[in-house]
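A.B. asks: The numbering used here numbers the first residue of the sequence shown as -17 and each following residue consecutively. Every residue gets a Cβ at the ideal spot worked out from N, C-alpha and C, and that includes glycine. Next up is a structure, given as structure tokens.
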Amino acid sequence: MAKISAVLTVYNEEKSIERCLKSLQFADEIIVVDNESEDKTAEIAKKYTSKVFTQKNNPLEIDIQKNFGFEKALNEWILSIDADEEVSKELTAEIKKILGAKPSSISQINGFWIPRKNFIFGKWIENAGWYPDYQLRLFRKQKGKYTKKHVHESLSLEGETAKLKEHIIHHNYSSIQQFLDKTFTYAQNEAEELLSKGYEFSYFDAIKFPLSEFLSRFFARKGYKDGFHGLMLSLFMAFYHFVIFAFIWEKRDFPQYNSKEFLSETENEFKKAGKEIIFWISKEKLENIKNPLKRNLQKISKKIRGL
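See below:
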């Protein structure tokens, strides 16, 4: 079997890292890059591996920290994973089977996309764009590296890829506060990235894109099937997009706009959104789906018809 190195970049993950490390015992090597954690993260990591390295903490340099960990890896294959994730037993078996096969069977493949189950607020979210959430995490060391991004790092890989069937388990947001904290961090970085690309603020976008995000998450990507979790996450993601434009507005020194024009545009956008909601409710025939939100959706539909 081809040998594999598991690589983690961590910061203050004492509550999660042990679960992750226990799931990585099949790996030939575990490398932990600790970003100056202030809790017991490093201490816990050293129980499972002697290869714990310290790097300066900078949330905007995750790509550099991950690549540092990859450089320390001794094996041909790398599994990149986060401390709040774990490798399922089924995925462990699948990886062993694939890397244990004849080298010629995967000679053209340099990386594997792995589906990820996101558990948010205690529930596996199967819709609203949260699943299957494929992640490019298993790859040949010499063929992949992370590239610079303002918000989320991205793996750049040379050559062909394939998809695995089994899952990484992601113990994602466990509280509203955690979600909101990351919302403000990510949104501010996203705003800076848009401005660096020459984006000019438009209040119209601050209305249009959050509404579009909600409709896409909750209806087009069937967030309603996840019940109240789906509704809240769709609203939170819409709020996230709104906050991006709020930060851009702030960066532009809070420009003012004509109130009549603003009201007119807002009214038009909400009318469009109302029509879309009616369309989706009718199309998906939610009245035939056993869902705790069914009655509320029907009430919303009736109210919107009065617009």
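Checking 8 Å against the spacing of the C-beta atoms, do N57 and I(-14) come in under that value?
C.D. replies: Yes.
A.B. asks: Tell me the residue span of the alpha helix (DSSP H) that contains T167.
C.D. replies: From DSSP, the alpha helix (DSSP H) with T167 extends over 158 to 178.
A.B. asks: Could you pull the DSSP bridge partners for I(-14) from this structure?
C.D. replies: The partner list for I(-14) (beta bridge, DSSP) reads W59.
A.B. asks: Given this structure, state the Cα-to-Cα distance separating N154 from V(-8), to the nearest angstrom.
C.D. replies: If I take the Cα positions, the gap works out to 15 Å.
A.B. asks: Do the segment 23 to 32 and the segment -6 to 3 touch if we need at least three Cβ pairs shorter than 8 Å?
C.D. replies: In short, these stretches touch, since the Cβ pair count reaches three.
A.B. asks: At which residues does the alpha helix (DSSP H) containing H223 begin and terminate?
C.D. replies: Segment 209 to 233, the alpha helix (DSSP H) holding H223.
A.B. asks: For D16, which of helix, strand or coil comes out of DSSP?
C.D. replies: If DSSP states are grouped into helix, strand and coil, D16 belongs with the strands.
A.B. asks: Spell out the partners DSSP gives E11 in its beta bridges.
C.D. replies: Bridge partners of E11: S(-13).
A.B. asks: Rounded to the nearest angstrom, what separates G239 and L245 at their Cα positions?
C.D. replies: According to the sequence provided, residue 239 is Tyr. The question's Gly does not apply to it. Cα to Cα, the separation comes out at about 10 Å.
A.B. asks: Here's a check: name, in chain order, each residue in its chain whose Cβ is nearer than 8 Å to the Cβ of N100, leaving out the five neighbours to either side.
C.D. replies: So the qualifying residues of the chain are W106, I107, W112, Y113, D115, H152, N154.
A.B. asks: When burial is assigned at 16 or more other CB atoms within 10 Å of the CB, is Y206 buried or exposed?
C.D. replies: With 16 or more other Cβ atoms within 10 Å, it is buried.
A.B. asks: Looking only at DSSP bridge pairs, what is H153 linked to?
C.D. replies: H153 is bridged to F101.
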